[in-house]
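Undergrad:
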Amino acid sequence: MFHTGPPVVSVHPSRAMVDEAFKVQVENLPPGSPVTLHSLHQSEDKDYWEAFGHYVSDHRGTVSVADYLSCGGTYTGKEAMGLLWSMRPVPGSREGLRLRKLNVCIPQLVNISVYSGHVGGGFREQDSLASVLTERWYMAPGVRRIDIKEKGVRGTLFIPHGPGPFPGLLDMWGSGGGLLEYRAALLASHGYASMALEYFNPAEVNTAELELNYFETAFNIVRDHPQVMSDRVGLFGLSLGSVVSISLAAWSSVVKPRCCVCISGNHTHAPGGTIGGVFNEFFTNLHKVRMDENNYEIWRGMGLPIPDDISQKVDVGKINCPILLVNGDDDQNWPTVESAEDMAQMMRAAGNEHLLTRLEYPDAGHLIEPPYSPHFRATKFIKDGQKVILLWGGTTKPHSDAQEDSWKKILAFLQQNMYSSSGPRAKL
Amino acid sequence: MSMKPLCVKLSVQPSRGLVDEKFTVLVQNLLPGFQLTIHALHQCEDGHSWEAFAHYTADATGIVNVSEDPSLDGTYSGVEQMGLLWSLRPVPGSKSGLRMRKMNVQTPMVVTISVYQGHQTEGFLDQVLLASVVVERWYMAPGVRRVPITDGKLTATLFLPSGPGPFPGLLDLWGGGGKLVEYRAALLASHGIASMALDYLTPQITEETGKMVDSDYFETAYRVLEQHPQILGSRIAMLGLSFGTSVTFGMAVYSQVVKLSCAVCISGSHVQPIGGSVEQILAYFNKNVAKTRFDENNQVIWRNLLLPIPTDPSLKVEMGRLQCPLLLVVGEDDQNWPAHESAMDMKEMMERAGNSHLLTVLSYKNAGHLIEPPFMPFTRASTFKTVTNPPTKVMVLWGGELVAHSRAQEDAWRKTLVFLRENLYGGMQP
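Quick note, the sequences are listed as chains S and C, same order.
Heads up, the first sequence is in my numbering, so the first residue is 575 and it goes up one at a time.
Heads up, the second sequence is in my numbering, so the first residue is 3 and it goes up one at a time.
1. C/G370 and C/G333 look like a contact to me (Cβ under 8 Å); what is the Cβ gap, rounded to whole Å?
2. To test your reading of the DSSP string, which unbroken beta strand (DSSP E) runs of 3 or more residues are found completely within the segment 956-997 of chain S?
3. Determine, using beta carbons only, whether S/D721 comes closer than 8 Å to chain C.
4. Would DSSP call C/P315 helix, strand or coil?
5. Quick check on C/M198: does DSSP put it in helix, strand or coil?
6. So, for C/V319: in the same chain, excluding its five sequence neighbours on each side, which residues have a beta-carbon less than 7 Å away from its beta-carbon?
7. Starting from the N-terminal side, write out each stretch of the beta strand (DSSP E) that is 3 residues or longer and does not extend beyond the segment 761-805 of chain S.
8. For C/K11, which three-state DSSP category applies?
9. By how many angstroms is the C-alpha of C/N106 removed from the C-alpha of C/G180?
10. Does DSSP classify C/G246 as helix, strand or coil?
11. Would you say C/L172 and C/M240 are within 8 Å of each other, going by their C-beta atoms?
12. What residue from S/P909, S/A952 and S/G925 has the CA that sits closest to S/R874's CA?
13. Quick check for students: name the residue ranges of the beta strand (DSSP E) that lie wholly in the segment 48-84 of chain C, counting only runs of 3 or more.
14. Does any residue of chain C bring its CB to less than 8 Å from the CB of S/L941?
15. Considering only residues of the same chain and omitting the five flanking positions on each side of C/Q301, which have a CB-CB separation below 7 Å?
16. What is the residue span of the alpha helix (DSSP H) that C/K417 lies within?
17. Taking only the alpha-carbon atoms, compute the straight-line gap between C/P432 and C/L190 and give it to the nearest angstrom.
18. Run down chain S in chain order and give the residues with a C-beta less than 9 Å from the C-beta of C/P170.
19. Any idea if S/A782 is buried or exposed, counting beta-carbon neighbours within 10 angstroms, 16 or more meaning buried?
20. Have a look at the DSSP bridge pairing and note the partners of S/N901.
21. List, from N- to C-terminal side, the alpha helix (DSSP H) runs of 4 residues or more that fit wholly inside the segment 365-396 of chain C.
22. Please state whether DSSP places S/T650 in a helix, a strand or coil.
23. Quick check on C/G235: does DSSP put it in helix, strand or coil?
24. Tell me which same chain residues have a C-beta within less than 7 Å of the C-beta of C/V389, skipping the five on either side of it?
25. Do you know how far the Cα of S/L753 is from the Cα of S/F856?
26. Could you tell me whether the Cβ atoms of S/S821 and S/L786 are closer together than 8 Å?
27. On a Cα-Cα basis, can you pick out the residue from C/Q325, C/L309 and C/G235 that is closest to C/C264?
28. So, with DSSP's three-state summary, where would you put C/T204?
29. When DSSP labels each residue in this structure, what does S/S749 get in the three-state scheme?
30. Report the rounded CA-to-CA distance for S/E624 versus S/A777, giving the unit in angstroms.
31. Under a CB-based cut-off of 8 Å, is C/R147 close to chain S?
32. Considering just the uninterrupted stretch of the alpha helix (DSSP H) at C/L227, what are its terminal residues?
33. Among residues of its own chain, excluding the 5 on either side of S/E934, which ones have a beta-carbon nearer than 6 Å to its beta-carbon?
34. Whose C-beta lies closer than 6 Å to the C-beta of S/P831 among residues of the same chain, with five residues either side of it excluded?
35. Roughly how many whole angstroms lie between the Cα atoms of S/Q906 and S/E871?
36. Give me the Cα-Cα distance between S/I897 and C/G80, rounded to the nearest whole angstrom.
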């Protein structure tokens, strides 16, 4: 029986966008009591992800995650959002898991609980003192989701609510393939009509026949939509999606992007050819793949050294729109920082370096996702029909800081170049 | 070349909130000095449209922040962070006497907030729309469970907060219009109190037998709470509005079964024949029906039916015998019940008996009868269907003035939550 009433844990706001911060608070604890704050999420694949922090309540019996220090757990220090970004699969889970929301029309549900004492594990076998459910959304109310299947292009278009017209974005993920909608849904929630583009089936990247004109057609579908401003359509990519963006920006006579956001991309491939061809080209240096102590594959060697021969690279001197490069310097999958440095030199020589902004994050890896997403250091990948685990790199805390900081800067860059009444400006 | 200011940016944070949470409405990318109208539109469950609007002028940085900048005119004026909600009123051409009440609490109230060019007052659908966002307002927090009650002869719904519990409990009673109204109980559960909305005037059992319920019904409801595995049987409160307070005062003082940790009575009175059943109390009120007055619009004023406050002790609940903390919330412009006069009489009774330390009175100038959770649109008068047989439909004057009443709702709700938390969670800081 409680002397005072039972403890109460609260999350504000209880329903938020995935890139919005929340405040987690526990009240009505005995003063000075050690407690563990725990988060639990069951993914669409039915895997469980969790995070936890160790706290001590103050003289009023309160713990405020945003203001107090965690002294142990999956994160330490003053970390308002630690219960989300430090999540990892629960002990006993399959190896190499990655958390990606497929159905963006419903929220991600996270249970936040408080346990007595400083608990390090076995949360499911214990009773929590209190718990509360919080919703994390990729789609703001009123955003419309439209399936796109036209002119051979497959994707999903997200249109913000309102009269429009809106600036547009073509959103492209990497060599895992498939159709991932969550970032496009989130960008639409920030006012950009965004199309998530599917450009090959999962695990079939090396046979993908698509050439540049598939992307040109996709870009034009966005550009020609009645609610999109035809002169304000940009490109947004990660990994192979960035490679495509950089190529389009430099080589396409059809696509005139307003600006480009390229996360973890590179310019080191020869012009022409199909997506499959580009991918396979990377593998001409297969012997340079290294394995770490866990047998995870490190691919970054395949991209080195950066060729001097300009015919082996995208001619970035031809880019004439602002371009933002976001990279982690612990990227173990590709030498993205080296590539960015080379791009800068090429653009300097060509006289268009003023269009380039580079963001580089210490100890961040390859998969720089929207903020508060867990850090994926190494995850499963199908290579040549085989299941391998790729090392993406990064250390959790700096990687999470990079996700948070880069997203703010990406939104500011897009706002500047796509919404501002003055012309596009490269420098933030 | 379009004369429309480029890409006006409108944002409302949070875009999904509880109905009692504040939001921030921000308009950016305007030209300095630009005149605009911010408009709110809501279509409620019965199909009627409600709107609010306010006129603003962008500052030198091209921004309008509703939390900080004054509305120059509209359905509200001055700096009013939540004015777009509490000043909602039926659109022109609507039928009279409407009241907004959400009956399905499992879906949100959806409000469209829009920005129009210029200072508009009507015909919004034909104006130049610059930007628009959709906002959801929820009565149920994530994880709150809605449990229809099937045991006993109760017509009730229990709302359990998110989590394992156990939780303090609360019995939630509305007034003379009857029906099973769930939204306040859902909202209280979202604040950690397991709350049961109880229909006691038009429950299934009364529809079937033609007989009104008696104290047994309320004691059964109390027991359901007390015995629930996720509810702390020793921490149960009762909250009543209007006729719901008549039941609450009676139960709190006289019931051998109901042992309350505290009670909240909004816009009510302790005036009733002691020991009377629901039917007898209603009959007592109806005896004085000749005292009904009408205002200049022929709207019904019922406050005088209970005035003057009787001196006969058998006609008032013996408040001196109350043993739990009581919060009274009254509007001084209540035209439906003499809530303020009753509160003063109760205070006097309790001072004489020596238990007035249990009493807190919140009395609001220019507030009316329907003191609801905050940011709900204000209704000064609306159509009311009595639960008599046969029922009659009248236009009842509730009273109150828009701004004062809306402020009262916000203040009263905040203090009600603090009162409930202190008494049900014990020792908690506000």
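Where a beta carbon is used, it is the ideal one built from N, C-alpha and C, also for glycine.
Model, not experiment: these values are computed from the prediction.
TA: Walking through what the data contain:
1. C/G370 to C/G333, Cβ: 5 Å. Contact.
2. Unbroken beta strand (DSSP E) stretches of 3 residues or longer found wholly inside the segment 956-997 of chain S: 960-965, given in chain order.
3. no
4. helix
5. strand
6. F251, G252, V255, H272, Q274 and I276
7. 767-772
8. strand
9. So the two alpha carbons sit approximately 16 Å from each other.
10. helix
11. Using a Cβ distance threshold of 8 Å, C/L172 and C/M240 count as a contacting pair.
12. S/P909
13. As far as the segment 48-84 of chain C is concerned, its whole beta strand (DSSP E) runs of at least 3 residues are 51-59.
14. no
15. So the qualifying residues of the chain are A383, M397, V398 and L399.
16. First-last of the alpha helix (DSSP H) with C/K417: L404 to R423.
17. The predicted model places C/P432 with a pLDDT of 35, which falls under 50 and marks its position as unreliable; any figure quoted below should be read in that light. Their Cα atoms are separated by approximately 16 Å.
18. G579 and P580
19. So S/A782 ends up on the buried side.
20. S/E934
21. none
22. coil
23. Three-state result, C/G235: strand.
24. G178, G180, L203 and T204
25. 23 Å
26. Taking the C-beta atoms as reference points, S/L786 is found nearer than 8 Å to S/S821.
27. C/Q325
28. coil
29. coil
30. 28 Å
31. no
32. Annotation for C/L227: the continuous alpha helix (DSSP H) segment containing it runs S217 to Q229.
33. N901, D903 and V911
34. G808, L809, A823 and C895
35. 9 Å
36. 44 Å
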